[in-house]
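Structure, as structure tokens:
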Amino acid sequence: MRDPLNIEPTSRTPAVAFDFVNNHLKISGESYPEDVTEFYRPVFNALDAYLGA
Amino acid sequence: MLAGQLMDLRSALHAQGVIFAYSGYVTEPVLSGVGEALKQKLTIDDADTKTLRSVFAIFVEQMQNIIRYSAESEQPGSRLASGDGALKEIRYGILTIGREGGDYVVCAGNLVRQADVDRLKERLNKIRNMSKDELKAHYKEQLRSEPEEGSKGAGLGFMEIARRATKPIEFDFAAVDGDRSFFALKAII
Numbered sequence: 001m002r003d004p005l006n007i008e009p010t011s012r013t014p015a016v017a018f019d020f021v022n023n024h025l026k027i028s029g030e031s032y033p034e035d036v037t038e039f040y041r042p043v044f045n046a047l048d049a050y051l052g053a
Numbered sequence: 001m002l003a004g005q006l007m008d009l010r011s012a013l014h015a016q017g018v019i020f021a022y023s024g025y026v027t028e029p030v031l032s033g034v035g036e037a038l039k040q041k042l043t044i045d046d047a048d049t050k051t052l053r054s055v056f057a058i059f060v061e062q063m064q065n066i067i068r069y070s071a072e073s074e075q076p077g078s079r080l081a082s083g084d085g086a087l088k089e090i091r092y093g094i095l096t097i098g099r100e101g102g103d104y105v106v107c108a109g110n111l112v113r114q115a116d117v118d119r120l121k122e123r124l125n126k127i128r129n130m131s132k133d134e135l136k137a138h139y140k141e142q143l144r145s146e147p148e149e150g151s152k153g154a155g156l157g158f159m160e161i162a163r164r165a166t167k168p169i170e171f172d173f174a175a176v177d178g179d180r181s182f183f184a185l186k187a188i189i
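Quick note, the sequences are listed as chains G and C, same order. Going by our numbering, the first residue of the first sequence is number 1, and it counts up by one from there. Going by our numbering, the first residue of the second sequence is number 1, and it counts up by one from there.
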């Protein structure tokens, strides 16, 4: 069973709600982080694992 | 005297159609704060969603260029740069947002090292002459490749600006001294 990924939104970063068990992946809100790589690294890592990349 | 001086500065900006102007050291919280006011103004102007998003995205890229790359900076001494509440370097630049006819205009300027001028000109000319389709293809290619040495991001900033602008980007350099030039970049939306 894969753990979900949940990130709370801020004024500059979106909410991330990845419910892998139910195949429901949602990103919503504003996205202009100070460091875009740092913010999205865990998001892409989770996606790669989910997609079996 | 005092009112006259400031009023002259304001009038000079107004005459150029400038709505927002920031000249000074730029930090991420400055970007956030000015950005919030800009969003409000664009919403009050009843700008359409695509315009609002494009103006805002270009504003963010232009501000982050100053924050990351301006060659005019203040460095905190070692005592201030460590421990709790450590200070980071701050970089100086100027950014304006205004109107020209029915368009929005976002301009940014900062000092750059003379040694970087030719490389910047070459990159900007290349981007300026690309079609929207070419920009999209190069953007995707760059997204997948490693950033250039000295880059603090993905190397996408200028391309993001060019893609969002509705007219070709404009840029200019003015020599300041032997070591540095003033770099100005204008985007029309």
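A virtual CB, placed ideally from N, CA and C, is assigned to each residue, including glycine. Please read all numbers here as calculations on a predicted model, not as lab measurements.
Beta-carbon neighbours of residue i, restricted to chain C and to distances below 7 Å
i	result
R12 of chain G	S32
E38 of chain G	Going along chain C, no residue has its Cβ under 7 Å from E38 of chain G, so there is no contact; the nearest lies around 11 Å.
Y32 of chain G	V60
For residue i: DSSP bridge partner residues
i	result
K203 of chain C	As shown, chain C starts at 1 and ends at 189. That puts residue 203 of chain C outside it, with no answer to give.
T96 of chain C	C:A21, C:C107
R128 of chain C	R128 of chain C is not bridged to any residue.
V112 of chain C	C:S181
I90 of chain C	C:E74
I67 of chain C	According to DSSP, I67 of chain C bridges with nothing at all.
V26 of chain C	C:R91
A175 of chain C	C:S181
Where residue i falls, given that 16 or more other Cβ within 10 Å makes a residue buried
i	result
T13 of chain G	buried
T96 of chain C	buried
L80 of chain C	exposed
G4 of chain C	exposed
V21 of chain G	exposed
R10 of chain C	exposed
S131 of chain C	exposed
M159 of chain C	buried
L111 of chain C	buried
L38 of chain C	buried
F44 of chain G	exposed
A175 of chain C	exposed
S82 of chain C	exposed
I58 of chain C	buried
Chain G contact residues for residue i, given Cβ-Cβ distances below 7 Å
i	result
V26 of chain C	Within 7 Å Cβ-Cβ: nothing; V26 of chain C doesn't reach chain G, min ~12 Å.
9 Å Cβ cut-off: residues of chain C touching residue i
i	result
E8 of chain G	Residues of chain C passing the Cβ test: none, with the nearest at roughly 17 Å.
Beta strand (DSSP E) segment containing residue i, residue limits
i	result
S28 of chain G	24-28
V36 of chain G	First-last for V36 of chain G: 36-51, but that is the alpha helix (DSSP H), not the beta strand (DSSP E).
L5 of chain G	5-7
Rounded distance between the beta-carbons of residue j and residue i, thought under 8 Å
i	j	result
G157 of chain C	N65 of chain C	6 Å
A189 of chain C	A165 of chain C	Sequence inspection shows Ile at residue 189 of chain C; the Ala mentioned does not correspond to that position. About 6 Å separates the two Cβ atoms, so the contact holds.
E100 of chain C	G24 of chain C	Actually they do not touch by this definition, with Cβ atoms about 24 Å apart.
A108 of chain C	G85 of chain C	Between G85 of chain C and A108 of chain C the Cβ distance is about 29 Å, and since that is not below 8 Å, they are no contact.
R128 of chain C	I169 of chain C	5 Å
N6 of chain G	V16 of chain G	7 Å
V34 of chain C	F20 of chain C	7 Å
E89 of chain C	E74 of chain C	7 Å
L31 of chain C	M63 of chain C	4 Å
F183 of chain C	L120 of chain C	7 Å
R53 of chain C	S70 of chain C	Actually they are not in contact, since the Cβ atoms of R53 of chain C and S70 of chain C sit about 26 Å apart, beyond 8 Å.
Cross-chain neighbours of residue i in chain G, by beta carbon under 9 Å
i	result
V106 of chain C	Within 9 Å Cβ-Cβ: nothing; V106 of chain C doesn't reach chain G, min ~14 Å.
For residue i, the first and last residue of its enclosing alpha helix (DSSP H)
i	result
D8 of chain C	2-15
V21 of chain G	No alpha helix (DSSP H) holds V21 of chain G; DSSP gives it neither H nor E.
T162 of chain C	As written in the sequence, residue 162 of chain C is Ala, which differs from the Thr given in the question. Segment 157-164, the alpha helix (DSSP H) holding A162 of chain C.
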